[in-house]
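Participant: Before I ask anything, let me first share the structure, which is written out below as structure tokens.
There are 2 protein chains.
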Amino acid sequence: MNNRSVGIKDVAAAAGVSVTTVSHVLNDVAYARVGVETRERVHEAAQRLGYGPNRVARALRTQRSGMIGFISEEIATTPHAGRIILGAEEAARARGYNLMIINSTSTGTDDSRESDVADLLDRQVDGILYATMYHRKLAVPKNLATLPSVLVDSEDISHTVSCVIPDEFGGARSAVQTLIDAGHSRIGMINNTDDVPATHARLQAFRETLAAAGLPFHEDLVQSEHSEVPGGYEAALRLLGTDSRPTAVFCYNDRMAMGAYRAAAELGLRIPQDVSFVGFDNQQLIAENLYPALTTVALPHYEMGAWAIENLIDAIEGKTDLALMAHHPTILDCPLVRRDSIAAPRQ
Amino acid sequence: MNNRSVGIKDVAAAAGVSVTTVSHVLNDVAYARVGVETRERVHEAAQRLGYGPNRVARALRTQRSGMIGFISEEIATTPHAGRIILGAEEAARARGYNLMIINSTSTGTDDSRESDVADLLDRQVDGILYATMYHRKLAVPKNLATLPSVLVDSEDISHTVSCVIPDEFGGARSAVQTLIDAGHSRIGMINNTDDVPATHARLQAFRETLAAAGLPFHEDLVQSEHSEVPGGYEAALRLLGTDSRPTAVFCYNDRMAMGAYRAAAELGLRIPQDVSFVGFDNQQLIAENLYPALTTVALPHYEMGAWAIENLIDAIEGKTDLALMAHHPTILDCPLVRRDSIAAPRQ
DNA sequence: GGACGTGGGAGACAGATGAATAACAGGTCA
DNA sequence: TGACCTGTTATTCATCTGTCTCCCACGTCC
């Protein structure tokens, strides 16, 4: 189909017109006046030869590469990256853009981060999507602001780059509310110990949602540990290993919930009959495969990737001004994914 | 640092020489003779202005874009994609290349696959890496063979495109051998029902390894199911729910092992005291977090990504001929990752 | 016969690279 | 002493593949 080495010249020769005319016809240039019959000859020739415009040459002339740089931290270590890439890639392709991927390390120096951006700049990308693997506030490379760019899952300390983040608070609220709606009044939380926005927002939502329902908040029903499976296990042991245990637990993430499941099993507690759980992150490998399957809150990674690209392209094409959104992050919903880990408390 | 809109012309003007001279100096062209003092002026000017060559213009002129197309199926659905991307990206960057990512669906038509490739061809990529998410034999898009390309984790039916795949057989052999070495003589296997190379190779390795150790093969100690957690659970119930149960089980993958863990727990069997397990895939989220942590075989996704890029670039730069390797796939090791799910059988 | 409408082409241009060549100092030879 | 050669240093010009801004040719109409 698409033979390499067939250029606009070949099409022009085949159609018996000049390259200018071919360009005009194929790009459907508004001001160009070309006869209907000529247009057909051009289209037919292009089709027959399998002509596709050389995007590199076009980029040089138009100063638009149609490429968007995608910088991601730690691409391989979390499944989240894949969802962001997918959302971004599909959105980009739908509008005729492609993605160039660069993997950055979260341990990199400012200089290395800046040179990652410089790399993309040399490639003449039209915009940059900068993704981090968990929600935090960071100092972006200085040169990032030289073209349209969007931060995914993080906030720019200086508020110069616009960003899109998940609604931690709302997600946590619906998680807790679901437990309340199921009839629970003594609810515990297993939290993270890291000082990141999610830790604080989810705890805050936990407290406020309880308060809104007229339920008391007990300090000792919140146990914090490192946000991995072993941490969840330890925290759950403390939380559930007493007579005054909660009948439901909101876990900081699905990994901690996985640890909590084991703690419950060891304590002889059945899920959800004896204790209900709700997680956060919707890591499918875990949430779908735990037994019983875990009800959890999904992070909108796909949606954030797509949102970022849509707005980036709008900015590139002059339809939006990203600077206007830079001061306040865009917040996307974290929907609850219902599975089987919640039941009414036993009387 | 890197200001956009500073071109070779600006450097030339600043250094008081022609653009050609700047090009010669910065590219360290062998045949160009430029005085030492002039060279210094050029370097100093380039440095001062923060000049970086416009890769698009260079690509047009040299007919080399320095970009490699990366087509992946189902980027988001498995963590494997991330490892391949990471291996590929790091290898590419180390040699001055960048990656353009395209997501393809395994359900796509031949036409859509061909147009994915055409997209990359229009972008003038120097080579293409085509990755699938599980090992199988497939018909590659016809236009893939028009430039250097490598298939990752799959084989080309027609043997025209070279490929790199995991050593399924060797990996399965070391898994089974480890069980034998631990003292087990009655070993079961939980297999997949899909007709893919891994299913057959792993079963074959299972039989041959038992035979090599002088152990008998019992038909009923191999149970097959759909290769997900529920399948593993069902198969394990059949395998372990009898008096003549094996003392160790080799699982087709870590997800099936996860299901098997639950079956063992329900049957009151302790791992590894009553039954040992070994998995396949090394899906960290599962293998590290099951209790006890799962000993398993790692698939060399990172290594396959890196190998593919190295050989692709060698071919692009004329250092290798990929066609020579096309007839036989390159096979990479699947190392065993020891954790805590294997013990000696009880007397 | 000049304005105007229509169909299409010539040539500059984007930012680099590479082959060919100019400019010049110094040396050689008749 | 002038013609010629040589080696060094750097420049000019063409090229890569499209796009885009004029500009031209031709007919027609008042």
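So the protein lines, in turn, are chains A and B.
Residues in the first sequence are numbered consecutively from 1, following the UniProt record's numbering.
Residues in the second sequence are numbered consecutively from 1, following the UniProt record's numbering.
Glycine included, C-beta positions come from ideal geometry on N, C-alpha and C.
The model shown is predicted, which means the values in this text are computed figures rather than measured ones.
1) Is it buried or exposed, B/E317, if we count other Cβ atoms within 10 angstroms and call 16 or more buried?
2) Within the segment 109-176 of chain A, note down every full beta strand (DSSP E) run reaching 3 residues or more, in order along the chain.
3) Quick check on B/G259 - is its C-beta less than 9 Å from some C-beta in chain A?
4) Alpha carbon to alpha carbon, how far is B/D340 from B/L221? Give it in angstroms, no decimals.
5) At what residues does the beta strand (DSSP E) containing B/G188 begin and finish?
6) Compare the beta carbon distance of B/G279 and B/A257 with 9 Å and say whether it is the shorter of the two.
7) Anyone know if the C-beta pair for B/R245 and B/G183 falls short of 9 Å?
8) Can you name the residues of chain A whose CB is closer than 7 Å to the CB of B/G82?
9) Cα separation between B/L151 and B/S106?
10) Could you give the residue range of the beta strand (DSSP E) that holds A/V222?
11) What are the residues that DSSP puts in a beta bridge with B/G232?
12) Determine the direct distance from the alpha carbon of A/G7 to that of A/M1, and round the result to whole angstroms.
13) B/R270 to B/A213, Cα distance in whole Å?
14) Residues of the segment 90-102 of chain A in Cβ contact with chain B at a cutoff of 9 Å, in chain order, please.
15) Can the beta-carbon of A/L86 be found less than 9 Å from the beta-carbon of B/N192?
16) Would a check of beta-carbon distances place A/V229 closer than 9 Å to chain B?
17) In chain B, which residues lie with their C-beta within 9 Å of the C-beta of A/R255?
18) Assuming A/L147 contacts A/I165 (C-beta within less than 8 Å), just tell me the rounded distance between them.
19) May I ask which residues mark the beginning and end of the beta strand (DSSP E) holding A/V278?
20) Hey, does A/S244 have any beta-carbon neighbour from chain B nearer than 9 Å?
21) Please decide whether A/I271 counts as near chain B, where near means a Cβ-Cβ distance under 9 Å.
22) To the nearest whole angstrom, what separates the beta carbons of B/H135 and B/A198, a pair I think is in contact under 8 Å?
23) Compare the C-beta of A/I8 with all C-beta atoms of chain B and state if any pair is closer than 9 Å.
24) In three-state DSSP terms, what is B/N27?
25) Taking B/S65 as the query, report the chain A residues whose CB atoms sit under 8 Å from its CB, ordered along the chain.
26) Please report how far the alpha carbon of A/A236 lies from the alpha carbon of A/D194, in whole angstroms.
27) Compute the minimum distance between the beta carbon of B/F169 and the heavy atoms of the ligand NAD, and state whether it is under 8 Å.
28) Would A/L120 be called buried (16 or more neighbouring beta carbons within 10 Å of its own) or exposed?
29) Between A/S115, A/G96, A/R83, A/V36, which has its C-alpha nearest B/G96's C-alpha?
30) At the 9 Å Cβ level, is B/Y302 part of the contact set with chain A, yes or no?
31) How would you call A/E219, buried or exposed, if buried means at least 16 neighbouring beta carbons within 10 angstroms?
32) Inspect the beta-carbon positions of B/F217 and B/F250 and report whether they are closer than 9 Å.
33) Measure from the C-beta of A/F70 to each C-beta in chain B and report whether the shortest distance is under 9 Å.
34) With C-beta atoms as the reference, is B/S154 less than 9 Å away from B/L179?
35) Beta-carbon within less than 6 Å of B/H301's beta-carbon, same chain only, minus the 5 sequence neighbours each way: which residues are those?
36) Assuming B/A15 and B/R41 are in contact, meaning their beta carbons sit under 8 Å apart, how far apart are those beta carbons, in whole angstroms?
Facilitator: The structure says:
1) As a first step, residue 317 of chain B must be located in the second sequence, where it is residue number 317. Classification for B/E317: exposed.
2) 127-138, 149-156, 162-166
3) Within the second sequence, residue 259 of chain B is the residue found at index 259, counting from 1. Cβ-Cβ to chain A under 9 Å: yes for B/G259.
4) Stepping through the second sequence from its first residue, residue 221 of chain B is reached at position 221. Stepping through the second sequence from its first residue, residue 340 of chain B is reached at position 340. If you take the alpha carbons of B/L221 and B/D340, they lie about 23 Å apart.
5) Position 188 of the second sequence holds residue 188 of chain B. Its beta strand (DSSP E) spans residues 187-192.
6) Within the second sequence, residue 279 of chain B is the residue found at index 279, counting from 1. Within the second sequence, residue 257 of chain B is the residue found at index 257, counting from 1. The answer is yes: Cβ separation under 9 Å.
7) The sequence position of residue 245 of chain B within the second sequence is 245, counting from 1. The sequence position of residue 183 of chain B within the second sequence is 183, counting from 1. Not a contact, by the Cβ cut-off of 9 Å.
8) For the purposes of this step, residue 82 of chain B is taken as residue 82 along the second sequence, with counting starting at 1. The answer, in chain order, is I75, A76, A81, G82.
9) The residue you call residue 151 of chain B lines up with position 151 of the second sequence. The residue you call residue 106 of chain B lines up with position 106 of the second sequence. So the two alpha carbons sit approximately 14 Å from each other.
10) Counted from its first residue, the first sequence places residue 222 of chain A at position 222. Residues 222-225.
11) For the purposes of this step, residue 232 of chain B is taken as the residue at position 232 of the second sequence. Paired residues: none, contrary to the question.
12) Counting from one through the first sequence, the residue named residue 1 of chain A turns up at place 1. Counting from one through the first sequence, the residue named residue 7 of chain A turns up at place 7. Note on A/M1: pLDDT 34, under 50, position unreliable in the model; the coordinate value appears next. Rounded to the nearest angstrom, the two C-alpha atoms are 14 Å apart.
13) Counting from 1 along the second sequence, the entry for residue 270 of chain B is found at position 270. Counting from 1 along the second sequence, the entry for residue 213 of chain B is found at position 213. Distance between the alpha carbons of B/R270 and B/A213: 26 Å.
14) E90, R93, N98, L99, M100, I101, I102
15) The sequence position of residue 86 of chain A within the first sequence is 86, counting from 1. The sequence position of residue 192 of chain B within the second sequence is 192, counting from 1. No, Cβ-Cβ distance for A/L86 and B/N192 is not below 9 Å.
16) In the first sequence, residue 229 of chain A corresponds to position 229, counting from 1. Taking Cβ atoms only, chain B reaches closer than 9 Å to A/V229, which makes this a yes.
17) Translated into the one-based positions of the first sequence, residue 255 of chain A becomes position 255. Near A/R255 (Cβ distances below 9 Å), the residues of chain B are L285, N289.
18) Translated into positions along the first sequence, residue 147 of chain A becomes position 147. Translated into positions along the first sequence, residue 165 of chain A becomes position 165. Not a contact, Cβ separation roughly 21 Å.
19) Position 278 of the first sequence, counting from 1, holds the residue named residue 278 of chain A. It spans 276-278 - the beta strand (DSSP E) in which A/V278 sits, taken as one unbroken run.
20) Indexing the first sequence from 1 puts residue 244 of chain A at position 244. So, not an interface residue.
21) Locating residue 271 of chain A in the first sequence gives position 271, counting from the first residue. False, the Cβ-Cβ gap to chain B never drops below 9 Å.
22) By one-based count along the second sequence, residue 135 of chain B stands at place 135. By one-based count along the second sequence, residue 198 of chain B stands at place 198. Right, the Cβ-Cβ distance comes to about 5 Å (below 8 Å), so this counts as a contact.
23) Translated into the one-based positions of the first sequence, residue 8 of chain A becomes position 8. No, no contact with chain B.
24) Residue 27 of chain B sits at position 27 when you count from the first residue of the second sequence. B/N27 falls in the helix class under three-state DSSP.
25) The residue labelled residue 65 of chain B in the question sits at position 65 within the second sequence. Going along chain A in sequence order, the residues near B/S65 (Cβ under 8 Å) are V56.
26) Taking the first residue of the first sequence as position 1, residue 236 of chain A is located at position 236. Taking the first residue of the first sequence as position 1, residue 194 of chain A is located at position 194. If I take the Cα positions, the gap works out to 18 Å.
27) In terms of ligand content, the structure shown is empty, and the ligand NAD therefore cannot be addressed.
28) Counting from one through the first sequence, the residue named residue 120 of chain A turns up at place 120. Classification for A/L120: buried.
29) Taking the second sequence and counting its residues from 1, one reaches residue 96 of chain B at position 96. Out of A/S115, A/G96, A/R83, A/V36, A/S115 has the C-alpha closest to the C-alpha of B/G96.
30) Residue numbering aside, residue 302 of chain B sits at position 302 when the second sequence is read from its first letter. Yes, contact with chain A.
31) Reading the first sequence from its first residue, position 219 is the one you call residue 219 of chain A. A/E219 comes out exposed.
32) Stepping through the second sequence from its first residue, residue 217 of chain B is reached at position 217. Stepping through the second sequence from its first residue, residue 250 of chain B is reached at position 250. No, the Cβ-Cβ distance between B/F217 and B/F250 is not below 9 Å.
33) Taking the first residue of the first sequence as position 1, residue 70 of chain A is located at position 70. Interface residue, yes.
34) As a position in the second sequence, residue 154 of chain B is number 154, starting the count at 1. As a position in the second sequence, residue 179 of chain B is number 179, starting the count at 1. Not in contact: B/S154 and B/L179 (Cβ atoms no closer than 9 Å).
35) Here residue 301 of chain B is taken as the residue at index 301 of the second sequence, counted from 1. For B/H301, where only same-chain residues beyond five positions count, the Cβ hits under 6 Å are H80, R83, I84.
36) Residue numbering aside, residue 15 of chain B sits at position 15 when the second sequence is read from its first letter. Residue numbering aside, residue 41 of chain B sits at position 41 when the second sequence is read from its first letter. Confirmed, about 4 Å.
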